[in-house]
Amino acid sequence: MTETTKKELAEAREVCPTTSRGLLKDGALLVDVREADELARVSFADCEVINVPMSEFEARWNEIPRDRDVILACQVGARSLKATYFLMYQGYERVANMKHGMQRWIERGFPVHGDASIAPSGQASSCCCGEEDASSEASCGCDSSSKSKVTAGTCC
0 MTETTKKELA EAREVCPTTS RGLLKDGALL VDVREADELA RVSFADCEVI
50 NVPMSEFEAR WNEIPRDRDV ILACQVGARS LKATYFLMYQ GYERVANMKH
100 GMQRWIERGF PVHGDASIAP SGQASSCCCG EEDASSEASC GCDSSSKSKV
150 TAGTCC
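In numbering that gives the first Met the number 0, the protein residues as written are 0 to 155.
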């Protein structure tokens, strides 16, 4: 009897918001998988972003281009990690998950539309690399070698 073969996937790439911001400035697309009510409160600013909510992701994933770098994000990075794996299973190679999502984006002081006060405090002073005084975009050294390509590695 033959066993069913599962498609083996590499580990999903994860990048911190600082690295994500650099990639977005270099032309990557941000895919926000949060729901409409979450977007109404606060959304990513100063980058090209499309919304494909998790509740509609299986029906709409084909709206995401295969021919460019894509960063997926949600509130804290859990739903977007699932979406990243889903796209990898569909054959996407240029995808990464934004580790800690909108919460860390806000904590880092990056631009948003709406109410930035929704981010819970607690890790606001720590970089995704664990450096206590890393509060500016330039101070985060994580994944600095991969700012030009989503596929170059992981953050933290």
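Just so it is clear, CB atoms sit at the ideal spot from N, CA and C, and this is done for glycine as well.
Sequence-distant Cβ neighbours of Q74 in its own chain, meaning closer than 7 Å and more than five residues away, are R33, E37, G100, M101 and Q102.
Between the C-alpha atoms of V48 and E10 there is a straight-line separation of about 24 Å. The Cβ atoms of I70 and M53 do not sit closer than 9 Å to each other.
Secondary structure note for A39: its alpha helix (DSSP H) is the uninterrupted segment A35 to R40. Leaving aside the five residues that flank Y84 on each side, the residues in its chain whose CB is nearer than 7 Å to its CB run, in chain order, L8 and A11. Within 10 angstroms of the beta-carbon of P16 lie 16 or more other beta-carbons, which makes it buried. DSSP, reduced to helix, strand and coil, places I63 outside both helices and strands of the structure shown, so it counts as coil. For the segment 78-117, the full-length alpha helix (DSSP H) segments reaching 4 residues or more read 100-106 along the chain. Residue D45 holds the alpha-carbon nearest to the alpha-carbon of G108 among W60, D45, E57 and I63.
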